[in-house]
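Residue numbers (the numbering used here): 1 to 450.
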């Protein structure tokens with residue numbers, strides 16, 4: 001391709017250069033004018049869509065501040081903070097500008113997921129006020145709760161770790177969601193410190209009277225010297241110490257939240273003095289059991305199995321064993337799925353307790369088949385002939401153990417003696433009962449193993 005270059009008079013060139021220079025001067029002047037404009041500032045922040053939270057809380061989480069310079073990047077970052085907090089399902093915004101004054105309207109939809117309490121398990125060096133203050137440096141809206149979704153718990157953990165560093169405590173902050181009871185809907189956000197010893201040096205149980213403080217301390221040997229944990233101390237009070245009160249009829253004894261005091265004494269380095277207040281409550285006497293749902297067994301029969309007597313101390317441990325015996329009574333009559341729900345009714349004026357016990361008997365099972373494994377055919381037949389429960393009979397959950405102690409005892413002894421003659425150890429027996437809920441039968445297997 002040939003490009004033709006046309007010639008122009010010199011005056012044309014001069015005029016065009018002058019025009020270009022003029023345009024360049026205008027561009028420079030315009031750019032300079034932009035540079036001289038004052039930066040826009042945040043004049044007002046509004047929040048739309050709130051149901052539980054306050055506008056101030058939302059603004060604090062976003063990090064936006066009135067009077068600060070406005071930028072889209074900062075606004076986007078604020079939106080990310082709101083989303084990451086876990087408190088909001090959706091976050092948007094719009095802005096309006098008047099001169100250099102910018103109004104920001106945050107448009108939010110609060111998350112439907114709940115919030116749960118934050119628990120400090122073993123931060124024995126700090127008060128709750130100090131912990132709250134440290135967390136609010138990173139999470140200004142912190143009020144003792146944290147959402148069950150989002151990453152606010154990460155921010156809390158980071159804040160607590162920084163607090164340890166400031167105080168030169170060589171520990172690591174760990175986080176875990178906590179459910180105190182199986183299948184409980186109640187959740188807590190548990191923060192604890194690891195990698196630093198916090199031994200329990202002394203124990204105190206103010207309020208202990210009927211059960212002496214000395215006995216409670218003696219029963220808490222596993223706590224003494226162990227590293228302190230609020231949750232562990234609560235669990236110990238519930239599962240080890242409370243039964244002591246139940247045994248003497250103080251069925252409503254309560255242990256308050258543990259109080260730890262950091263001692264740092266020479267004889268117990270980095271240790272804590274632990275106080276667990278107790279409210280013993282009255283000693284209850286047994287009044288009666290009121291049975292419902294029982295058809296196979298009469299109230300008198302169940303009272304006999306329960307073993308509690310009117311006017312005696314309402315021993316909770318004895319009561320638990322009695323409920324176990326009630327369950328065995330139903331096992332004798334083939335009710336393998338029986339459920340027993342016992343709820344106390346307290347008469348505080350008379351210091352007596354009545355238990356309302358609801359029984360759900362369930363279906364009655366019968367024996368399906370007996371299988372004996374690990375023996376010769378002759379020995380298995382000989383043992384089976386001693387088995388008195390026949391196919392189709394009402395199943396007795398205790399008969400298997402009874403059989404090995406009585407009806408089949410002699411046959412089992414003979415088998416063991418024969419192995420001794422052969423210089424072999426007695427056989428090991430594994431017994432299983434397999435329930436079929438469609439046919440309402442129970443199959444028993446007795447297996448002999450070398």
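Ideal placement from N, C-alpha and C gives every residue a C-beta, glycine not left out.
Using C-beta distances below 7 Å, list every residue in its chain close to residue i, excluding the 5 sequence neighbours before and after it, in chain order.
i: residue 358; result: 292, 293, 341
i: residue 240; result: 219
i: residue 171; result: 164, 193, 194, 195, 196
i: residue 79; result: 91, 93
i: residue 155; result: 138, 139
i: residue 435; result: 336, 365, 442
i: residue 310; result: 286, 287, 288
i: residue 237; result: 255, 276
For residue i, which of the options has the nearest alpha-carbon?
i: residue 460; options: 319, 299, 86; result: This structure gives no information on residue 460, because the portion of the chain shown stretches from 1 to 450.
i: residue 51; options: 82, 88, 64; result: 88
i: residue 379; options: 388, 224, 103, 411; result: 411
i: residue 258; options: 316, 348, 92, 202; result: 202
i: residue 255; options: 417, 276, 55; result: 276
i: residue 151; options: 41, 81, 284; result: 81
i: residue 66; options: 45, 314, 312; result: 45
i: residue 63; options: 286, 77, 187, 54; result: 77
i: residue 430; options: 449, 413, 368, 218; result: 449
i: residue 307; options: 381, 323, 198; result: 323
i: residue 197; options: 263, 75, 419; result: 263
i: residue 349; options: 285, 415, 366; result: 285
i: residue 366; options: 374, 338, 396, 373; result: 396
i: residue 393; options: 335, 298, 209, 249; result: 335
i: residue 136; options: 60, 100, 127; result: 60
i: residue 58; options: 208, 84, 178; result: 84
i: residue 382; options: 74, 351, 409, 242; result: 409
i: residue 224; options: 424, 413, 268; result: 268
i: residue 231; options: 210, 186, 178; result: 178
i: residue 72; options: 373, 226, 97; result: 97
i: residue 128; options: 261, 414, 270, 299; result: 261
i: residue 188; options: 222, 146, 169, 208; result: 146
i: residue 125; options: 134, 428, 169; result: 169
DSSP three-state call for residue i: helix, strand or coil?
i: residue 100; result: coil
i: residue 429; result: strand
i: residue 230; result: helix
i: residue 341; result: strand
i: residue 33; result: Model confidence at residue 33 stands at a pLDDT of 45, short of 50, so the residue's coordinates are unreliable; what they give is reported in the following sentence. Residue 33: helix per DSSP, three-state reduction.
i: residue 202; result: strand
i: residue 188; result: strand
i: residue 85; result: coil
i: residue 120; result: strand
i: residue 39; result: coil
i: residue 287; result: strand
i: residue 282; result: coil
i: residue 166; result: helix
i: residue 386; result: helix
i: residue 128; result: helix
i: residue 173; result: strand
i: residue 70; result: coil
i: residue 55; result: helix
i: residue 355; result: strand
i: residue 261; result: strand
i: residue 370; result: strand
i: residue 254; result: strand
i: residue 402; result: helix
Might you give, ordered along the chain, the residues of its own chain that have their beta carbon closer than 8 Å to the beta carbon of residue i, omitting 5 neighbours on each side?
i: residue 229; result: 121, 122, 192
i: residue 439; result: 368
i: residue 144; result: 117, 118, 132
i: residue 34; result: Bear in mind that a pLDDT of 42 at residue 34, under 50, signals an unreliable position, so the number given afterwards is only what the model happens to contain. Taken in chain order, the list of residues that qualify is empty.
i: residue 243; result: 316, 317
Could you tell me how far apart the beta carbons of residue i and residue j are, in whole angstroms, since I believe they sit closer than 8 Å?
i: residue 148; j: residue 107; result: The Cβ separation is near 23 Å, so there is no contact.
i: residue 371; j: residue 445; result: 5 Å
i: residue 43; j: residue 69; result: Not a contact, Cβ separation roughly 12 Å.
i: residue 289; j: residue 303; result: 6 Å
i: residue 272; j: residue 305; result: With a Cβ gap of about 46 Å, residue 272 and residue 305 do not count as contacting.
i: residue 253; j: residue 278; result: 6 Å
i: residue 247; j: residue 317; result: 5 Å
Can you list, in chain order, the residues of its chain whose CB lies under 6 Å from that of residue i, leaving out five sequence neighbours each side?
i: residue 95; result: 102, 104
i: residue 343; result: 356
i: residue 333; result: 296
i: residue 175; result: 153, 157, 191
i: residue 204; result: 275
i: residue 249; result: 283, 284, 313, 314
i: residue 47; result: 55, 58, 106
i: residue 432; result: 445
i: residue 447; result: 373, 374, 430
Does the region 190-205 touch the region 115-132, meaning 3 or more C-beta pairs lie closer than 8 Å? yes
Between the region 155-171 and the region 109-116, can you find at least three pairs of beta-carbon atoms closer than 8 Å? no
Do three or more CB pairs link the region 373-387 to the region 397-408 at distances below 8 Å? yes
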